[in-house]
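Participant:
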Amino acid sequence: MTNLVDIKGFSKPLIANLQKLGISNIQGLLLHLPLRYIDETRITAIRDFRLGDDVQCEGEIAHAEVSYKPRKALIARLQDASGQLTLRFLHFYPSQIAQLAVGRHLRVYGEIRHGFFGYEMVHPQCKNVGESTQVAETLTPIYPTTAGLTQINIRKAIALALKVADLGETLPANIYKGLRLPAFNTCIAALHSPAPDANLNVLESKTTPEWRRLAFDELLAQQLSMRKHYIKRRSIDAPAIAASHLLAPQLLNNLAFKLTNAQQKVVAEISHDLMQAHPMQRLLQGDVGSGKTIVACLAALQAIEHGWQVALMAPTEILAEQHFKKFETWLKPLHINIAWLTGSQSKKERELALTNIANGHAQLAVGTHALFQEAVNFKKLGLAIIDEQHRFGVQQRLALRKKGEPEPHQLMMTATPIPRTLSMSYFADLDVSVIDELPPGRTAVVTKLVSDERRDEILQRVREACMAGSQAYWVCPLIEESEALQLQTANDTFAHMQATFPELKVGLVHGRMKSAEKQAVMAKFEAGEIQLLVATTVIEVGVDVPNASLMIIEHAERMGLSQLHQLRGRVGRGSAKSTCILLYQNKLSEAARARLKVIFENTDGFIIAQADLQLRGPGEFLGTRQSGVPMLKIADLERDADLLEVAKNIADSLIKEYPKAVEAHLARWMSHAGELVKV
Ligand code: ADP
Ligand code: MG
Numbered sequence: 007m008t009n010l011v012d013i014k015g016f017s018k019p020l021i022a023n024l025q026k027l028g029i030s031n032i033q034g035l036l037l038h039l040p041l042r043y044i045d046e047t048r049i050t051a052i053r054d055f056r057l058g059d060d061v062q063c064e065g066e067i068a069h070a071e072v073s074y075k076p077r078k079a080l081i082a083r084l085q086d087a088s089g090q091l092t093l094r095f096l097h098f099y100p101s102q103i104a105q106l107a108v109g110r111h112l113r114v115y116g117e118i119r120h121g122f123f124g125y126e127m128v129h130p131q132c133k134n135v136g137e138s139t140q141v142a143e144t145l146t147p148i149y150p151t152t153a154g155l156t157q158i159n160i161r162k163a164i165a166l167a168l169k170v171a172d173l174g175e176t177l178p179a180n181i182y183k184g185l186r187l188p189a190f191n192t193c194i195a196a197l198h199s200p201a202p203d204a205n206l207n208v209l210e211s212k213t214t215p216e217w218r219r220l221a222f223d224e225l226l227a228q229q230l231s232m233r234k235h236y237i238k239r240r241s242i243d244a245p246a247i248a249a250s251h252l253l254a255p256q257l258l259n260n261l262a263f264k265l266t267n268a269q270q271k272v273v274a275e276i277s278h279d280l281m282q283a284h285p286m287q288r289l290l291q292g293d294v295g296s297g298k299t300i301v302a303c304l305a306a307l308q309a310i311e312h313g314w315q316v317a318l319m320a321p322t323e324i325l326a327e328q329h330f331k332k333f334e335t336w337l338k339p340l341h342i343n344i345a346w347l348t349g350s351q352s353k354k355e356r357e358l359a360l361t362n363i364a365n366g367h368a369q370l371a372v373g374t375h376a377l378f379q380e381a382v383n384f385k386k387l388g389l390a391i392i393d394e395q396h397r398f399g400v401q402q403r404l405a406l407r408k409k410g411e412p413e414p415h416q417l418m419m420t421a422t423p424i425p426r427t428l429s430m431s432y433f434a435d436l437d438v439s440v441i442d443e444l445p446p447g448r449t450a451v452v453t454k455l456v457s458d459e460r461r462d463e464i465l466q467r468v469r470e471a472c473m474a475g476s477q478a479y480w481v482c483p484l485i486e487e488s489e490a491l492q493l494q495t496a497n498d499t500f501a502h503m504q505a506t507f508p509e510l511k512v513g514l515v516h517g518r519m520k521s522a523e524k525q526a527v528m529a530k531f532e533a534g535e536i537q538l539l540v541a542t543t544v545i546e547v548g549v550d551v552p553n554a555s556l557m558i559i560e561h562a563e564r565m566g567l568s569q570l571h572q573l574r575g576r577v578g579r580g581s582a583k584s585t586c587i588l589l590y591q592n593k594l595s596e597a598a599r600a601r602l603k604v605i606f607e608n609t610d611g612f613i614i615a616q617a618d619l620q621l622r623g624p625g626e627f628l629g630t631r632q633s634g635v636p637m638l639k640i641a642d643l644e645r646d647a648d649l650l651e652v653a654k655n656i657a658d659s660l661i662k663e664y665p666k667a668v669e670a671h672l673a674r675w676m677s678h679a680g681e682l683v684k685v
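The structure is reproduced here in structure tokens:
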């Protein structure tokens, strides 16, 4: 791959600026495509202007002044043979005053608006030209750029790249021709400098064959890279673990409930994966409350029965603690030893846990991030389970996998459903199981949207519910900007609730509490000794207290959709009718209103996730879940869904039949996307 340093014409500052845009070589520069285009190929007479059009015209400055009313502005009148146009600058430099001096001949480009004196352009682009300066031969691209890199300079850099780059085909011709898409080199040329007769609207909608070809190439590169990882994993050794004939049946026998069909189906899928001699990488998706924990436990038993250790990692201490307890009640009767590891336990407890994990006495280790730290050595790790995997970064998941030799199987669980287009693209290297059914007997949570002005009514409602024997959560507003402020808000809310409800036992839990304190509060809440639990969003994941049937979320408008859905999932876990009240502060922004509407109207996590994806786009939606994974820059999963489908269908056979083409294709596109870090 040609480095920019080796090419004449690329100065150090230019290279540094390109780097800021994520461009490090010639191929990356080629694939840095315009945001939009402007048409400088023709000159329009002022008489022929139409409001709202972007046009170029040319003439002489007939008048210029710096005016101070209503506010400071540089105003000039440009005259051509057919009429006059006002040019207005609200910010300007002395050099611009000079450029717009009376008598100067200028070519200007901008949007035509209605002004006080007829047509005007605000902040037009101005060029000094002679009477006979040629107009542009192609449409002018406008590139995404960065401070310090002008359009002119980035255009020059790309023009240079076009001259020296290899624009050869990476794909067998039958593939792109079969899709009626043009050759790569013609697409690159056409998109960087489109012919003057190209339709701007069509071009910018990115649905022309040229755009589609590049979108396809990008999607295909993503698929190829993911599927190569997938295939490579099959050549890595992992313990082949036979099904559980003793422990799992015993546990199922002891359970108070029967697995749902959906649970049985995913248990079988996971069990089958564990029997393979290569590492499982399975993502288990299931809405809040769908019963993922028991599925994880059954997978653990298969490994434990055959002498392998299991690690279960959760993103918060509260959740890890809860899992620890639940697994104890399930596994104690089966005489299985469980170790417990978090960042905040005493040195002695920690040493003991580490020893038991290292000598194999602990058959299961439950904990937080603490589990993959260096000091932790497993004797024989066969399976790593990660709950609420979206809370972990890619690197953390990777670290846990390195704890086994041979590589352990890995089961990742998430309560945030992944919309189909995303799971086809960003998750194409994983196997996915879905629990698409809730255990019987759940009652749907009733959601209410209530303005904060009606707070008193809500307080009354909390009192009534708690007096009648049920329990409630009061979720404090989220303050992302400051942890100190978040803590203060939690303390204030707690004090306020205690004062408001002298007759109730009120508890407080937040992220900054010591783990023992947190555990004590959660235990009391579970035992019914606390009736109203004031909490920050630490309770968002996993917490399972079936008797809690009322939740109030303050400043719900500040929270994201999946966060609201997860929080709401903390109620509706028992047989009692549950309610979630979303308190919001007027005036709602457009985006907040849209979010609240979705959460109010829907309880199905899949629909909520789909809406979330639409509102925020894939980058935000994926967030830390896939941090480190390059995002698609050209393709759009919705707009180009048909191309995604094709890319997915042909990736595996391309890898098998055209390995050279695949390498060339990845080399070109990975320079654009950055190295794929994938687990
Ligand atoms: P999540 O998928 O959100 O992690 P959990 O595993 O915490 O859900 O399960 C939620 C609750 O449902 C727990 O109390 C669990 O014991 C219970 N549960 C799980 N599976 C079933 C089932 N098949 N029938 C009845 N209750 C179940
Ligand atoms: Mg869970």
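When you line the sequence shown up against this note's numbering, it's residues 7 to 685, in that order. Idealized CB from N, CA, C, for every residue including glycine. Everything numeric in this text was worked out from a predicted model, so none of it was measured.
(1) Less than 7 Å between the CB of D610 and some heavy atom of ligand 1, yes or no?
(2) Whole angstroms is fine: what's the gap from V577's alpha carbon to L556's?
(3) Evaluate contact between the segment 307-317 and the segment 229-237, counting only Cβ atoms and requiring at least three cross-stretch pairs below 8 Å.
(4) Are the beta-carbon atoms belonging to T348 and T374 less than 8 Å from one another?
(5) Using 7 Å as the cut-off, classify the Cβ of A421 as near or not near the heavy atoms of ligand 2, replying yes or no.
(6) Taking 7 Å as the line, does the beta carbon of K264 fall inside it for any heavy atom of ligand 2?
(7) How should P150 be labelled, buried or exposed, when 16 other C-beta atoms within 10 angstroms of its C-beta is the threshold for buried?
(8) Rounded C-beta distance between P414 and A390? I'm assuming under 8 Å.
(9) Enumerate in chain order the residues of its own chain whose CB-to-CB distance from F606 is below 7 Å, with the five nearest sequence positions on each side excluded.
(10) Starting from L493 and walking both ways along the alpha helix (DSSP H), at which residues does that stretch end?
(11) Taking the alpha carbon of Q105 as the point to measure from, which residue in D658, V135, R77, Q90 has its own alpha carbon closest?
(12) Do you know how far the Cα of P483 is from the Cα of D618?
(13) Within this structure, are the beta carbons of T299 and K332 separated by less than 8 Å?
(14) Extract the residue ranges of the alpha helix (DSSP H) inside the segment 594-633, only unbroken runs of 4 or more that lie entirely within it.
(15) Using a beta-carbon distance below 8 Å, is E463 in contact with chain D?
(16) Round the Cβ separation of E117 and D86 to the nearest angstrom and send it over; I've been treating them as touching at under 8 Å.
(17) Give the secondary structure of C482 by DSSP, where H, G and I count as helix, E and B as strand, and everything else as coil.
(18) Three-state secondary structure (DSSP) at T146?
(19) Excluding five sequence neighbours on each side, which residues of the same chain lie with their C-beta closer than 7 Å to the C-beta of L360?
(20) Any heavy atom of ligand 1 closer than 7 Å to the Cβ of D442?
(21) Quick one: what does DSSP say S517 is sitting in, helix, strand or coil?
(22) So T427 is in the alpha helix (DSSP H); what residue range does that whole segment cover?
(23) With DSSP collapsed to three states, give me the class of L538.
(24) If we call anything under 8 Å between Cβ atoms a contact, is A582 one with L570?
(25) Rounded to a whole number of angstroms, what is the C-alpha to C-alpha distance between H284 and I237?
(26) Please name the residue or residues paired with L80 in a DSSP beta bridge.
(27) Shortest alpha-carbon distance to I485 belongs to which of I441, T422, R564, G410?
(28) Does any heavy atom of ligand 2 sit closer than 7 Å to the C-beta of D462?
(29) What separation, rounded to the nearest whole angstrom, lies between the Cα atoms of K14 and T176?
(30) Nearest CA to the CA of I194: which residue from I160, S241, H38?
(31) Quick check on the DSSP output: what are the complete beta strand (DSSP E) runs of length 3 or more inside the segment 437-466, in order along the chain?
(32) Please classify T630 as buried or exposed, where buried requires at least 16 neighbouring CB atoms within 10 angstroms.
(33) Please report the Cβ distance between E216 and P188, rounded to the nearest whole angstrom; I am assuming they are in contact, meaning their Cβ atoms lie under 8 Å.
(34) Work out the CA separation of Q328 and V540 for me, nearest whole Å.
(35) Assign R381 to one of three DSSP states: helix, strand, or coil.
(36) Closer than 7 Å: is that where the CB of S296 sits relative to any heavy atom of ligand 1?
Facilitator: Short version:
(1) Sequence index remark: in the sequence shown, residue 610 carries index 604 (1-based). No, since every heavy atom of ligand 1 falls outside the 7 Å radius drawn around the Cβ of D610.
(2) Position 571 of the sequence shown, counted from the first residue, corresponds to residue 577. Position 550 of the sequence shown, counted from the first residue, corresponds to residue 556. So the alpha carbons of these two residues sit roughly 7 Å apart.
(3) no
(4) In the sequence shown, residue 348 corresponds to position 342, counting from 1. In the sequence shown, residue 374 corresponds to position 368, counting from 1. A contact, by the Cβ cut-off of 8 Å.
(5) Here residue 421 refers to the residue found at position 415 when the sequence shown is read from its first residue. Correct: A421 has its Cβ closer than 7 Å to ligand 2.
(6) On the sequence shown, residue 264 is found 258 positions in, with the first residue counted as 1. The answer is no for K264.
(7) Taking the first residue of the sequence shown as position 1, residue 150 is located at position 144. Looking at its Cβ environment, which holds fewer than 16 other Cβ atoms inside 10 Å, P150 is exposed.
(8) Position 408 of the sequence shown, counting from 1, holds the residue named residue 414. Position 384 of the sequence shown, counting from 1, holds the residue named residue 390. So it is a contact: roughly 5 Å between Cβ atoms.
(9) Taking the sequence shown and counting its residues from 1, one reaches residue 606 at position 600. The answer, listed in chain order, is T453, L455.
(10) For the purposes of this step, residue 493 is identified with residue 487 of the sequence shown, where counting begins at 1. Start and end: 489-506.
(11) For the purposes of this step, residue 105 is taken as the residue at position 99 of the sequence shown. If we check each option's Cα against that of Q105, V135 comes out closest.
(12) Counting from 1 along the sequence shown, the entry for residue 618 is found at position 612. Counting from 1 along the sequence shown, the entry for residue 483 is found at position 477. Approximately 20 Å between the Cα atoms of the pair.
(13) Your numbering for residue 299 matches position 293 in the sequence shown. Your numbering for residue 332 matches position 326 in the sequence shown. Cβ atoms of T299 and K332: closer than 8 Å.
(14) 596-607, 611-628
(15) Chain labels in this structure do not include chain D; a single protein chain is all it has.
(16) Start at 1 with the first residue of the sequence shown, and residue 117 comes out as number 111. Start at 1 with the first residue of the sequence shown, and residue 86 comes out as number 80. Not a contact, Cβ separation roughly 18 Å.
(17) Within the sequence shown, numbered from 1, the residue matching residue 482 stands at position 476. Note: C482 maps to coil in three-state DSSP.
(18) By one-based count along the sequence shown, residue 146 stands at place 140. DSSP places T146 in strand when its eight states are reduced to three.
(19) If you number the sequence shown from 1, residue 360 lands on position 354. Closer than 7 Å at the Cβ level, and outside the excluded window around L360, lie A381, V382.
(20) Against the sequence shown, residue 442 aligns to sequence position 436. No, the beta carbon of D442 sits no closer than 7 Å to any heavy atom of ligand 1.
(21) One-based indexing of the sequence shown puts residue 517 at position 511. In the sequence as displayed, the identity of residue 517 is Gly instead of Ser. Three-state DSSP puts G517 in coil, outside helix and strand.
(22) Mapped onto the sequence shown, residue 427 falls at position 421. Looking at the DSSP string, the run of the alpha helix (DSSP H) that includes T427 is 426-431.
(23) Locating residue 538 in the sequence shown gives position 532, where the first residue counts as 1. Of the three classes helix, strand and coil, the one that applies to L538 here is strand, per DSSP.
(24) Numbered from 1 along the sequence shown, position 576 holds the residue referred to as residue 582. Numbered from 1 along the sequence shown, position 564 holds the residue referred to as residue 570. Their beta carbons are not under 8 Å apart, which means A582 does not touch L570 by this criterion.
(25) Numbered from 1 along the sequence shown, position 278 holds the residue referred to as residue 284. Numbered from 1 along the sequence shown, position 231 holds the residue referred to as residue 237. Their backbone Cα atoms lie some 10 Å apart in a straight line.
(26) Taking the first residue of the sequence shown as 1, we reach residue 80 at position 74. Partner(s): V72, F95.
(27) Translated into the one-based positions of the sequence shown, residue 485 becomes position 479. Checking every option, the nearest Cα to that of I485 belongs to R564.
(28) The residue you call residue 462 lines up with position 456 of the sequence shown. Not so, every heavy atom of ligand 2 lies at least 7 Å from the Cβ.
(29) Along the sequence shown, one-based indexing puts residue 14 at 8. Along the sequence shown, one-based indexing puts residue 176 at 170. Spanning the two alpha carbons is a distance of roughly 26 Å.
(30) On the sequence shown, residue 194 is found 188 positions in, with the first residue counted as 1. For I194, the nearest C-alpha among the options comes from H38.
(31) 437-441, 452-457
(32) Locating residue 630 in the sequence shown gives position 624, where the first residue counts as 1. For T630, the pLDDT reaches just 46, beneath the cut-off of 50, and the residue's location in the model is therefore unreliable, although a value from the coordinates is still provided. By the 10 Å Cβ count, T630 comes out exposed.
(33) Within the sequence shown, residue 216 is the residue found at index 210, counting from 1. Within the sequence shown, residue 188 is the residue found at index 182, counting from 1. Between P188 and E216 the Cβ distance is about 6 Å, and since that is below 8 Å, they are a contact.
(34) Counting from one through the sequence shown, the residue named residue 540 turns up at place 534. Counting from one through the sequence shown, the residue named residue 328 turns up at place 322. Roughly 18 Å separates the two Cα atoms.
(35) Indexing the sequence shown from 1 puts residue 381 at position 375. Here residue 381 turns out to be Ala, not Arg, going by the sequence shown. In this structure, A381 counts as coil in the three-state DSSP scheme.
(36) Counting from 1 along the sequence shown, the entry for residue 296 is found at position 290. Correct: S296 has its Cβ closer than 7 Å to ligand 1.
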